[in-house]
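S.K.: In our numbering, the protein residues as written are 1 to 362. Virtual Cβ for every residue (Gly too), placed ideally from N, Cα, C. Can you keep this structure in mind? I'll have questions shortly.
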């Protein structure tokens with residue numbers, strides 16, 4: 001991944017949320033109590049979610065220092081705030097006390113984290129979960145682009161509870177207009193997404209038409225009843241999660257996550273290096289990190305990562321537009337659980353992903 005670290009910027013919050021489905025991640029990994037779990041940190045959400053399994057340890061790693069400062073902020077907020085205070089502070093609910101709350105918990109942050117957020121206090125004030133580059137990109141679509149296509153009533157109707165057949169009819173008759181197709185394909189094109197949503201360097205390995213690929217996957221999901229309760233879709237269309245909270249901030253998970261926070265270790269560096277330093281992992285959440293790597297780098301990194309796992313370990317990772325499968329060139333180390341992957345994909349709320357891969361160390 002060194003070519004990404006050398007060419008893409010990592011001095012700001014790129015992702016303020018994890019956009020992989022934590023519910024399907026937990027089903028795919030199915031870690032037992034006492035597991036040793038490696039997790040790509042990103043915004044921290046899915047690493048927090050894995051704490052409900054009562055692991056021995058979770059190592060949350062990222063090459064971005066700023067992303068890890070965000071994870072630390074969330075961890076401390078989780079540790080010292082009540083559930084209602086946590087929702088307000090992070091931005092899931094309205095609050096006028098975020099700066100006041102930050103001032104009460106900042107003494108528990110390390111100096112780098114405290115100084116970063118003191119110098120960028122507007123990120124706190126405006127709700128940290130909305131302040132990533134990708135979140136601002138999605139919010140711009142919801143608040144500026146979508147109103148040029150569909151009015152608020154039509155957006156609400158799309159997400160109203162209805163039968164699968166009625167959902168499909170509504171999409172085809174009322175939603176899938178020429179203006180929707182045109183503006184969607186422009187906004188989610190390689191250039192616009194690369195420049196304003198992700199990073200051009202993250203798209204270097206993509207050979208397909210980005211807008212067309214994402215549109216097809218989006219259309220397939222919009223026509224299903226599952227779209228009505230999809231938190232990711234809710235954010236894309238309304239710029240917030242509403243009542244569709246991510247796994248790690250649902251009330252039923254709050255106590256168990258809080259009780260296991262001390263088991264979360266936050267580390268900066270390359271995934272393969274940190275994994276090998278800790279070693280003997282029984283489960284790995286690898287997000288979609290392989291998407292950004294050349295084929296040669298992927299082969300090298302995946303082999304090293306597998307060397308850091310124990311026999312029977314499960315590894316889960318997503319492909320968006322670049323196909324990367326660890327079992328292809330590591331057939332002596334891992335097998336692909338293809339039937340399970342297909343089953344899990346059917347319930348994955350990350351509708352824009354092409355597939356979810358579940359591998360097992362042999």
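Indicate the three-state DSSP secondary structure (helix, strand or coil) for residue 231 in the structure shown.
M.R.: Helix at residue 231.
S.K.: Can you pull the DSSP bridge partners for residue 360?
M.R.: For residue 360, which the question treats as bridged, DSSP gives the partners 314, 335.
S.K.: For the region 347-359 against the region 318-328, do three or more pairs of beta-carbon atoms, one drawn from each stretch, fall closer than 8 Å, so that the two count as touching?
M.R.: Enough Cβ pairs lie closer than 8 Å, so yes.
S.K.: On the DSSP letters alone, give me the boundaries of the beta strand (DSSP E) that residue 62 sits inside.
M.R.: Residue 62 -> beta strand (DSSP E) spans 57-62.
S.K.: Going by DSSP in three states, residue 347 sits in which element: helix, strand or coil?
M.R.: It is coil, neither helix nor strand.
S.K.: Is it buried or exposed, residue 178, if we count other Cβ atoms within 10 angstroms and call 16 or more buried?
M.R.: Under this definition residue 178 is an exposed residue.
S.K.: Give a yes or no on contact between the region 312-320 and the region 280-293, applying the rule of three or more CB pairs nearer than 8 Å.
M.R.: As far as the Cβ criterion goes, the region 312-320 touches the region 280-293, which means the pair count is three or higher.
S.K.: List the residues that DSSP assigns as beta-bridge partners of residue 265.
M.R.: DSSP lists 59 as partners of residue 265.
S.K.: Check each candidate in 297, 350, 270 and name the one with the smallest Cα separation from residue 63.
M.R.: The residue with the shortest Cα to Cα distance from residue 63 is 270.
S.K.: Does DSSP classify residue 219 as helix, strand or coil?
M.R.: Looking at residue 219 - three-state DSSP - the assignment turns out to be helix.
S.K.: Using 10 angstroms around the beta-carbon of residue 348, count the other beta-carbons present and answer buried if the total reaches 16, otherwise exposed.
M.R.: Residue 348 should be labelled buried.
S.K.: What are the uninterrupted segments assigned as alpha helix (DSSP H) that are 4 or more residues long and contained completely in the region 52-138, given in chain order?
M.R.: Runs of the alpha helix (DSSP H) inside the region 52-138: 65-80, 83-90, 98-105, 111-119, 121-125.
S.K.: If you measure between the beta carbons of residue 30 and residue 248, is that distance less than 8 Å?
M.R.: In this structure, residue 248 does not lie closer than 8 Å to residue 30 by Cβ.
S.K.: Among 42, 26, 41, 274, which residue has its Cα nearest to the Cα of residue 35?
M.R.: Closest by alpha carbon: 26.
S.K.: Thinking C-beta only, is residue 15 closer than 8 Å to residue 132?
M.R.: Yes, these two residues count as a Cβ contact at 8 Å.
S.K.: Tell me, which residues are paired with residue 319 by DSSP?
M.R.: Residue 319 pairs with 355.
S.K.: Taking a contact to mean a Cβ-Cβ separation below 8 Å, would you say residue 134 touches residue 221 in this structure?
M.R.: Not closer than 8 Å, so no.
S.K.: What beta strand (DSSP E) runs, 3 residues minimum, are completely inside the region 150-213?
M.R.: Here no run is fully enclosed.
S.K.: When burial is assigned at 16 or more other CB atoms within 10 Å of the CB, is residue 59 buried or exposed?
M.R.: Residue 59 comes out buried.
S.K.: Should residue 32 be labelled buried (16 or more other beta-carbon atoms within 10 Å of its own) or exposed?
M.R.: Counting Cβ neighbours within 10 Å, residue 32 comes out exposed, since fewer than 16 surround it.
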